[in-house]
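Down below is the structure, laid out as structure tokens.
This is how it looks when you write it as structure tokens:
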């Protein structure tokens with residue numbers, strides 16, 4: 025049997041006793057301050073009493089209004105989420121603003137615009153999608169979380185689903201492959217890449233998904249005629265899961281794109 029360290033048990037008991045005493049003293053001080061404040065308020069009369077009461081009522085009103093804006097004014101919107109189903113979303117003014125920002129980000133990038141099989145640059149599209157991924161994440165980080173209600177999903181759910189179900193799988197598969205080709209052929213043409221056609225086919229498919237997410241953000245934001253604003257209508261998916269062809273222009277005006 026090993027020998028106990030000298031003074032080990034008394035020291036432990038002393039630490040416990042000291043901690044308990046400090047907590048009791050802190051509680052006594054807080055209680056005394058609260059009691060003094062209550063006593064002081066009971067001694068206030070006339071104008072000062074009305075001023076204090078009015079200030080408390082004003083602060084309570086501000087808290088009540090903020091709570092009402094975040095919860096009581098929630099409305100329900102049905103959105104079809106790619107690869108899932110039609111879901112009900114609960115939105116208020118704050119979440120509509122976030123949805124509008126994400127709608128603008130998705131429709132003003134090359135990642136949602138047509139890239140014909142013999143035109144455009146795949147590297148530009150992939151870089152644009154990386155930018156969309158980063159911007160969406162920063163937008164969510166900078167915004168307040170939506171009020172949680174049992175009746176529906178939030179705009180954050182739609183945005184995170186877009187990142188994890190559409191953008192991340194595509195980028196994690198094709199970005200390393202394109203980088204490998206670029207390192208091996210620094211002066212080579214992208215058309216010489218053996219996987220160019222397959223990458224473009226996968227790109228058209230993920231563009232179809234991002235288009236659907238953009239329409240979903242538009243509905244959450246209350247945007248009317250979102251398809252006309254986007255300016256292109258992706259071709260329907262083929263039964264095998266690919267698209268039937270390249271995107272075709274819509275009758276609405278085309279949105280200005282950026283990389």
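In our numbering, the protein residues as written are 25 to 283. Each residue gets a CB set at the ideal place from its N, CA and C atoms; glycine is no exception.
Sub-7 Å separation of residue i and residue j beta-carbons
{"i": "residue 126", "j": "residue 205", "result": "no"}
{"i": "residue 179", "j": "residue 244", "result": "yes"}
{"i": "residue 183", "j": "residue 233", "result": "no"}
{"i": "residue 239", "j": "residue 167", "result": "no"}
{"i": "residue 156", "j": "residue 133", "result": "yes"}
{"i": "residue 129", "j": "residue 104", "result": "no"}
{"i": "residue 43", "j": "residue 120", "result": "no"}
{"i": "residue 114", "j": "residue 176", "result": "yes"}
Backbone secondary structure at residue i - three-state DSSP
{"i": "residue 145", "result": "coil"}
{"i": "residue 114", "result": "strand"}
{"i": "residue 103", "result": "strand"}
{"i": "residue 285", "result": "No answer is possible for residue 285: the residues shown for the chain start at 25 and end at 283."}
{"i": "residue 211", "result": "coil"}
{"i": "residue 82", "result": "helix"}
{"i": "residue 217", "result": "coil"}
{"i": "residue 171", "result": "coil"}
{"i": "residue 48", "result": "helix"}
{"i": "residue 247", "result": "coil"}
{"i": "residue 255", "result": "coil"}
{"i": "residue 108", "result": "coil"}
{"i": "residue 96", "result": "In this predicted model, residue 96 has a pLDDT of only 47, less than 50, meaning its place in the structure is not dependable enough to derive any value."}
{"i": "residue 43", "result": "helix"}
Proximal residues to residue i (C-beta, below 8 Å), its chain only, five neighbours per side dropped
{"i": "residue 220", "result": "146, 214"}
{"i": "residue 226", "result": "194, 197, 198"}
{"i": "residue 223", "result": "146, 198, 201, 202, 217"}
{"i": "residue 161", "result": "187"}
{"i": "residue 110", "result": "102, 103, 104"}
Those residues which DSSP pairs with residue i across a bridge
{"i": "residue 177", "result": "113"}
Close Cβ partners of residue i (< 6 Å) along its chain, the five nearest in sequence each way excluded
{"i": "residue 106", "result": "233, 236"}
{"i": "residue 230", "result": "190, 194"}
{"i": "residue 265", "result": "For residue 265, the pLDDT reaches just 47, beneath the cut-off of 50, and the residue's location in the model is therefore unreliable, although a value from the coordinates is still provided. Contacts found: none."}
Cutoff 7 Å; reference residue i; Cβ partners in own chain excluding five residues on either side
{"i": "residue 101", "result": "113, 115, 243, 244"}
{"i": "residue 50", "result": "none"}
{"i": "residue 38", "result": "none"}
Does the structure place the stretch 95-113 close enough to the stretch 143-154 that three or more beta carbon pairs sit under 8 Å?
no
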